[in-house]
Amino acid sequence: METFYLIWIVFMVLILLYRMIFQKFKKHNRENIGLSAILIIFIGSGASFTQMNLIFVIGILAFAAYCAVWNSILFVREGYENPRLR
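Going by full-length UniProt numbering, the first residue of the sequence shown is number 1, and it counts up by one from there.
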């Protein structure tokens with residue numbers, strides 16, 4: 001079960017890093033917020049995982065929170081603006 005946690009967490013972190021580095025968070029803001037929320041919930045639900053690698057868990061939580069906040073700012077800024085006014 002712990003290997004499944006690790007594989008799933010690494011997969012979501014890699015997706016967020018890819019979108020942050022290559023797409024500069026220009027697309028998929030709503031999906032990125034959802035991925036960050038799932039990542040935070042998944043990290044918090046694995047009690048044995050969090051006890052073993054506390055620094056790793058805190059780093060991923062900080063990264064997920066950063067991605068969620070930045071994507072929500074971009075989504076609010078770009079999501080509700082009328083396309084004619086851009």
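Where a beta carbon is used, it is the ideal one built from N, C-alpha and C, also for glycine.
Span of the alpha helix (DSSP H) around residue 29: Here the alpha helix (DSSP H) through residue 29 covers 29-45.
Between which two residues does the alpha helix (DSSP H) containing residue 25 stretch? Segment: none, residue 25 is in no alpha helix (DSSP H) and carries neither H nor E.
Taking 8 angstroms as the threshold (C-beta atoms), are residue 9 and residue 54 in contact? no
Could you check what DSSP says for residue 53 in three-state terms: helix, strand or coil? coil
Outcome for residue 68 when other beta-carbon atoms lying within 10 angstroms are tallied against a minimum of 16: buried
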